[in-house]
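Undergrad: The sequence shown lines up with residues 318 to 756 when you count with this note's numbering.
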Amino acid sequence: MPLPSIQPRLPHAEPMHPADPDSLFAMAVGSVNAACEVMNTAPFVKSILSQPKNELIVNFPVMLDDGSYRLFKGYRIQHNNILGPYKGGVRYHPDVSLDDVKALAVWMTMKCALMRLPFGGAKGGVSVDAKVLSPTELMRLTRRFTTALGQNIGPDFDIPAPDVGTNSQIMDWMMDTYLNTQSNGARQAMQHVVTGKSLTCGGSEGREKATGQGICFVLLELLSQFGLTPEKLRFSLLGFGNVGSYAATILEDCGAKLVAVLDQSGAIVCNDGIKAHDLAAYAANHGGVRGYRAGGAKEIDHHGFYATPVDVFIPAALERMVDEHVAGSLNCRIVAEGGNGPVTPQGASVLARRNIALLPAILCNAGGVTVSYLEWVQNKAGVHWGADRVDDELRHIMVAAASRVSAVSRQYGVDLATAAFGAAVEHIAASYKQRGIFP
Ligand code: GLU
318 MPLPSIQPRL PHAEPMHPAD PDSLFAMAVG SVNAACEVMN TAPFVKSILS
368 QPKNELIVNF PVMLDDGSYR LFKGYRIQHN NILGPYKGGV RYHPDVSLDD
418 VKALAVWMTM KCALMRLPFG GAKGGVSVDA KVLSPTELMR LTRRFTTALG
468 QNIGPDFDIP APDVGTNSQI MDWMMDTYLN TQSNGARQAM QHVVTGKSLT
518 CGGSEGREKA TGQGICFVLL ELLSQFGLTP EKLRFSLLGF GNVGSYAATI
568 LEDCGAKLVA VLDQSGAIVC NDGIKAHDLA AYAANHGGVR GYRAGGAKEI
618 DHHGFYATPV DVFIPAALER MVDEHVAGSL NCRIVAEGGN GPVTPQGASV
668 LARRNIALLP AILCNAGGVT VSYLEWVQNK AGVHWGADRV DDELRHIMVA
718 AASRVSAVSR QYGVDLATAA FGAAVEHIAA SYKQRGIFP
C-alpha cells in the first residue's frame, strides 16, 4: 500500500477554531479575526494570534486538613509575548477549563496591547471551589500549583496576578513559593514575579480597586459622546464582587446613581438610588445583596432587573451572561463590560440591532492589569508610589486608550468594540512587521 503523502501545512491552513460553537476561545479569536479584517492585518499575524504560543496543564496532589489527598488540575496558557512578558491572572473556580483559559489569555494579549503596556497575554487557573477549602488547604494548593508551574513563570517571562476567586493573599503565597524555589542569589529581587500582592509584600496602592476605577475613567472619557454626564448617570450592575462593588462606589463618588444590582444571592432595585458604599458593607457581611432594604430598596426578579431603565449596564461577573435573551431585555444606552467576555456574539448582535453601544472588556476592565503594570514598574525600581500618583498614571493610560478606540472607530467606521480590538491588533501587527519572524 502506498504511504499517504504528507502535505506541509502553511500557518494559514491551520485550524483556526475549535469545532464547539459555544467555545469561549472561538468567541475570543472571532473578535480578533474580525478586527484583523477591518485593519487589513497581515495574514501571518492573524494566524499567529489564532492559537496560544504555549499551553501548560498540570495535575498536582494536595493534602487536605483531614490528612487525605486530592488531585487538582491547573492551567497556564501563554497566548502571545511579542510586546513583552506574558501577563495575566490566575483563576480559582470550579468551571475553569482549558478552552475558557485560552480565551481569557487571548483577551489579555488584546488588553495589554490596547493599553500599550509592554506585556503579552496569559491566563491561568485551577479547577477548584476555593470556598470549600480552609485557609491552610488554600495555601498548600497555591504553593503546590506554583511549584508545578516551575520556571514557566518568572518576573520577566510570565507574571501572574489575581482574577476570579484569587486575591492578594494568594499572590503573596505564589511570590513566596517562587522566591523560595529559586537557586540564584538574586531571588529577593524577584518579587515582581507576581502582581496584585498585598501592600506588605510589595503590592501597589490602588491595585484592589483598580478594575472598578478603570471602568469609571473610561466612562468619564466616553460619556459625552452619548450626551450623558456622570452627575445624571443611572447605572445597574450584574455582579457585586471586587469589580462591581468598587465600580459602584467610585461611580457614586462621581455623582452617578446605582439603580439595580443582581448577584449570586438575588436582585434589588431602587429607583431613587441605592447607596453603593452602604450596600458594599452590607454585601460583605451578608454574602450578597439579597435582603438589602435601606432607602426603599426592594427585591426584584431577574427579568425585572434586566428591564430596569438605566443609562449604563455593567456586567461584572462571569463570561457568557449576556446572551441574546438578556440583550433583548436590557433597557440601557451603553453596556460597559466589567468582567471578561460577558456578552456572547449573539448577545452582541442583538445589542447592535437595538443600537445599544458595547464598551468591551479589553478597554473597560483593563484598570486591573494597568495597575499590575505600575506595581511591576515600582518593584523593579525599588520604589513605592502614593495613591494619587498611581491614580494619575492609571487615568492617563486609560484615557489614552479610550481616545485611541474612539479614533479607530471614526477612522474605520466601526463600532467601539471592533475598534478596541482593531487598535490592539494594529499595535501587535506593527511590532511583528518591524521585527519579522525568527530565524
Ligand atoms: N485578572 C485581571 C484581568 O483579567 C488582571 C490581570 C493582571 O493584573 O495581570 O485583567
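Even for Gly, the Cβ is constructed at its ideal location relative to N, Cα and C.
1) Taking DSSP's pairing of strands, which residues face MET380 in a bridge?
2) Just to confirm, are ALA345 and VAL423 a CB contact at a threshold of 8 Å?
3) For CYS533, name the three-state secondary structure that DSSP assigns.
4) Let me check one thing: in DSSP terms, what residues is ARG551 bridge-paired to?
5) Tell me, please, which residues DSSP counts as bridged to GLU372.
6) Rounded to whole angstroms, what is the Cα-Cα separation between LEU388 and THR463?
7) With 16 as the cutoff for other CB atoms within 10 Å, does ARG610 come out buried or exposed?
8) Is the distance from the Cβ of ARG607 to the Cβ of LYS574 below 8 Å?
9) Use the C-beta contact count for HIS620: other C-beta atoms within 10 angstroms, 16 or more gives buried, fewer gives exposed.
10) Assuming ASP339 contacts VAL407 under a Cβ cut-off of 8 Å, what Cβ separation, rounded to an integer in Å, is found between them?
11) Say the cut is 7 Å; is the CB of PRO472 nearer than that to a heavy atom of ligand 1?
12) I want to check one thing, is the minimum distance from the CB of THR459 to the heavy atoms of ligand 1 below 7 Å?
13) Quick one: Cα of ASN469 to Cα of LEU373, how far?
14) Could you tell me if the beta carbon of ALA478 falls within a distance shorter than 7 Å of some heavy atom in ligand 1?
15) According to DSSP, ARG408 sits in a beta bridge with which residue or residues?
16) Ligand 2 heavy atoms versus the CB of ASN682: any closer than 7 Å?
17) DSSP has PHE630 in a bridge; who is on the other side?
18) Got a sec: does ligand 1 put a non-hydrogen atom nearer than 7 Å to the Cβ of VAL413?
19) So for ASN657, helix, strand or coil by DSSP?
20) Who are the Cβ neighbours of PRO319 in its own chain at under 6 Å, not counting the five residues just before and after it?
21) Confirm, please, whether the CB-CB distance from LEU675 to VAL694 is below 8 Å.
22) Name the DSSP beta bridge partners of ILE591, please?
23) Looking at the structure shown, is ALA724 part of a helix, part of a strand, or coil, going by DSSP?
24) In three-state terms, what does DSSP make of VAL716?
25) Given 8 Å as the limit, is there contact between the region 504-519 and the region 530-543, that is, 3 or more CB pairs closer than that?
TA: Concretely, from the data shown:
1) Beta-bridge pairing links MET380 to TYR386.
2) Taking 8 Å as the cut-off, the Cβ atoms of ALA345 and VAL423 count as close.
3) Reduced to three states, the DSSP call for CYS533 is helix.
4) According to DSSP, which records beta bridges pairwise, ARG551 is partnered with LYS574.
5) Beta-bridge analysis with DSSP links GLU372 to ILE394.
6) Cα-Cα distance, rounded: 15 Å.
7) With fewer than 16 other beta carbons inside 10 angstroms of its own, ARG610 counts as exposed.
8) Against a cut-off of 8 Å, the Cβ pair of LYS574 and ARG607 comes out as no contact.
9) Exposed.
10) The pair is not a contact, with the Cβ atoms about 24 Å apart (cut-off 8 Å).
11) False, no ligand heavy atom lies under 7 Å from that Cβ.
12) Checking the Cβ of THR459 against ligand 1 gives no.
13) Separation of ASN469 and LEU373 (C-alpha to C-alpha, rounded to the nearest whole angstrom) is 9 Å.
14) Yes, Cβ of ALA478 sits closer than 7 Å to a heavy atom of ligand 1.
15) Per the DSSP secondary-structure output, ARG408 pairs in a beta bridge with GLY442.
16) Ligand 2 is absent from the structure shown, which contains only ligand 1.
17) The partner list for PHE630 (beta bridge, DSSP) reads SER553 and VAL652.
18) Because no heavy atom of ligand 1 lies under 7 Å away, the Cβ of VAL413 does not count as near it: no.
19) DSSP places ASN657 in coil when its eight states are reduced to three.
20) Low confidence applies to PRO319: its pLDDT is 48, below 50, so where it sits in the model is not reliable, and the reading given next is rough at best. Once the five neighbours on either side are set aside, PRO319 has no close Cβ partner at all.
21) Their beta carbons are not under 8 Å apart, which means VAL694 does not touch LEU675 by this criterion.
22) ILE591 pairs with LEU575.
23) ALA724: helix per DSSP, three-state reduction.
24) Assigned with DSSP and collapsed to three states, VAL716 falls in helix.
25) No, the region 504-519 does not touch the region 530-543.
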